[in-house]
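Shown next, in structure tokens, is the structure this report addresses.
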Amino acid sequence: MNLPPFKLERYFAQYEFNTEFLLCSSDCEAMSIADLLSFEPDAAEKFSHVWLGYTESQGSPALRTEICKLYETIQPEQVLVHTGAGEAIYLFMHAALKENDHVIVHTPNYQSLAEVARGIGCDVNPWTAREENGWTLNLDELRGLLRPATKAIVVNTPHNPTGYLMPQADFDALNRFARDCGLLLFSDEVYRESEYDPASRLPAACDFGDHAVSLGVTSKTYGLAGLRIGWIATHNRAIYERMASLKDYTTICNSAPSEFLAELALRHRDKLAARNLEIIQRNLSIVDAFLSRRADLFSWVRPRAGSMAFPKLLHGDIEEFCDRLVKKAGVLLLPGTMYDDTANHFRLGLGRKNLPEAIARVEEFLS
Ligand SMILES: Cc1ncc(COP(=O)(O)O)c(C=O)c1O
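Below, the structure written as structure tokens:
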């Protein structure tokens, strides 16, 4: 299998740990182990007794029970825990696909959602979200992309990088379409529970039936990327078993301390999500004001969920702009070219506490 460099990760590798302001992070503000342990009075004591042997390959039963609370119809044996969402994407693609299969991927996309399938030898077609339509996806276009060899549809809502949230009627129709056509739907829901209007939250795809696999993680809405705990939830036994069997060749089982902390975090996920949404809401109003002050330079479609937006630079070249900004002002933005976007967009992160200072630095740079 021949995988090209993961552009976004290689870009971050140059700057993430030596730049003052990361203004393009997709995850929300993290916290220390001590802060997380303080959520329950006896948690620190229990954590010190966590046994450092191998753990159950599918994830600890207690953690999987906690994960089930995100879903309506899922039982612990239908949850498979991974090292981050990244591992789950990699294993799903290998479990579900083979050379010459056709896969339809919501685009622009987090690179591995298309690249792993391509690396396996699949024919990958974009299902393109367009800015002029508010980054919406058109179901008629999807129907037109279908081929006899189509095996799976990959969708990501709330969406990285646009913050697009699919309307419920479209999500229902997408699930019906996948099920009726005998296709797998891989639903990347890692930004779920970060909707700005909680009433707009979508049901999880896995609750629609065994055509679907839902992907979750502690990294984004809950701000705990360092735990490296992700999972899939599915009624599809065959896919589950194949992924579980492939996991024996990657990580075998998860980190015991991380499983303990993830279980604790998910017991308090409402509190974690509320804290991060508060940061996002405050940041959104600062970005709103900034972008309207500089409407000569930028435009955007305001996101409806998640911790990022995908504004557009109206003049100049986005790669050159981001390069000058990081080198001269110490602020990292992510050029849309990392997503193969050619229309001068850039990713702006909304989940970090220091966004007000970062935006002030950008304004200073621009003036
Ligand atoms: C849409 C999407 N899926 C999956 C992932 C992978 O998450 P993790 O890095 O926590 O494994 C990311 C990370 O940015 C993402 O944005």
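Each residue of the sequence shown is one higher than the last, beginning at -18 in our numbering. Built from N, CA and C at the ideal position, the CB exists for glycine as well. The structure presented is a predicted model; accordingly, all values stated were derived computationally and were not measured.
Between the C-alpha atoms of residue i and residue j, what's the straight-line distance to the nearest angstrom?
i: LEU253; j: ARG182; result: 17 Å
i: MET147; j: PRO139; result: 7 Å
i: THR109; j: ALA24; result: 46 Å
i: ASN217; j: LYS132; result: 14 Å
i: ARG256; j: GLY125; result: 42 Å
i: ASP197; j: ALA214; result: Correcting the residue identity first, residue 197 is Gly in this sequence and not Asp. For GLY197 and ALA214, the distance between alpha carbons rounds to 8 Å.
i: ASN81; j: GLU112; result: 31 Å
i: GLY311; j: LEU208; result: 27 Å
i: GLY34; j: LEU120; result: 48 Å
i: ARG45; j: LEU265; result: 34 Å
i: ILE48; j: VAL60; result: 8 Å
i: TYR145; j: SER226; result: 34 Å
i: GLY297; j: CYS303; result: 11 Å
i: PHE158; j: ALA130; result: 16 Å
i: ARG285; j: MET74; result: 28 Å
i: LYS309; j: ASP191; result: 51 Å
i: CYS9; j: VAL84; result: 30 Å
i: PRO316; j: PHE2; result: 15 Å
i: ARG248; j: ARG305; result: 43 Å
i: LEU118; j: ALA185; result: 18 Å
i: LEU123; j: ARG99; result: 19 Å
i: LEU4; j: ARG160; result: 39 Å
i: TYR172; j: LEU205; result: 13 Å
i: ILE260; j: ARG128; result: 44 Å
i: ILE210; j: ASN235; result: 8 Å
i: HIS63; j: ILE233; result: 9 Å
i: VAL343; j: HIS30; result: 47 Å
Look up residue i in the DSSP assignment and say whether it is helix, strand or coil.
i: GLU37; result: coil
i: ASP23; result: coil
i: LEU72; result: helix
i: PHE(-13); result: coil
i: PHE(-2); result: coil
i: LEU61; result: strand
i: GLU53; result: coil
i: LEU78; result: coil
i: LEU347; result: helix
i: GLU364; result: Coverage of the chain is limited to positions -18 through 348, which leaves residue 364 absent and any answer about it impossible.
i: GLN166; result: Looking at the sequence itself, residue 166 is Leu, so the reference to Gln does not match. Correct three-state label for LEU166: strand.
i: LEU4; result: coil
Can you have a look at residue i and say buried or exposed, based on whether 16 or more other CB atoms are within 10 angstroms of its CB?
i: LYS334; result: exposed
i: TRP32; result: exposed
i: GLY287; result: buried
i: PHE271; result: buried
i: ALA290; result: buried
i: GLN39; result: buried
i: PHE(-2); result: exposed
i: SER273; result: exposed
i: GLU240; result: buried
i: LEU(-16); result: exposed
i: SER175; result: buried
i: ASN114; result: exposed
i: TYR230; result: exposed
i: MET319; result: buried
i: ILE340; result: buried
i: LEU295; result: exposed
i: GLU96; result: buried
i: ALA324; result: exposed
i: ASP169; result: buried
i: ALA193; result: buried
i: ARG283; result: exposed
i: PRO42; result: exposed
i: PRO22; result: exposed
i: SER195; result: buried
i: GLY330; result: buried
Checklist entry - What residue ranges within the stretch 83 to 162 form continuous beta strand (DSSP E) runs of no fewer than 3 residues, ordered along the chain? => result 83 to 88, 104 to 109, 131 to 137
Checklist entry - Could you give the uninterrupted runs of the beta strand (DSSP E) lying entirely in the stretch 281 to 342, keeping only those of 3 residues or more? => result 327 to 330
Item to check | Three or more C-beta pairs below 8 Å linking the stretch 215 to 234 and the stretch 275 to 286 | outcome: no
Checklist entry - Okay, do the stretch 158 to 165 and the stretch 199 to 209 touch, 3+ Cβ pairs below 8 Å being the bar? => result no
Item to check | Inter-stretch contact at 8 Å, needing at least 3 Cβ pairs: the stretch 86 to 94 / the stretch -16 to -4 | outcome: yes
Checklist entry - Counting only runs that start and end within the stretch 217 to 272, where is the alpha helix (DSSP H) found for 4 or more residues in a row? => result 218 to 228, 237 to 248
Next on the checklist: Measuring CB atoms only, is the stretch 66 to 73 touching the stretch 40 to 54, in the sense that at least three cross pairs come out at less than 8 Å?
Outcome noted: no
Checklist entry - Are the stretch 13 to 27 and the stretch 172 to 181 touching by the rule of at least three beta carbon pairs closer than 8 Å? => result no
Item to check | Uninterrupted beta strand (DSSP E) stretches inside the stretch 182 to 219 (no shorter than 3 residues) | outcome: 193 to 198, 210 to 215
Item to check | Sufficient close CB pairs (3 or more, under 8 Å) joining the stretch 146 to 161 to the stretch 99 to 106 | outcome: no
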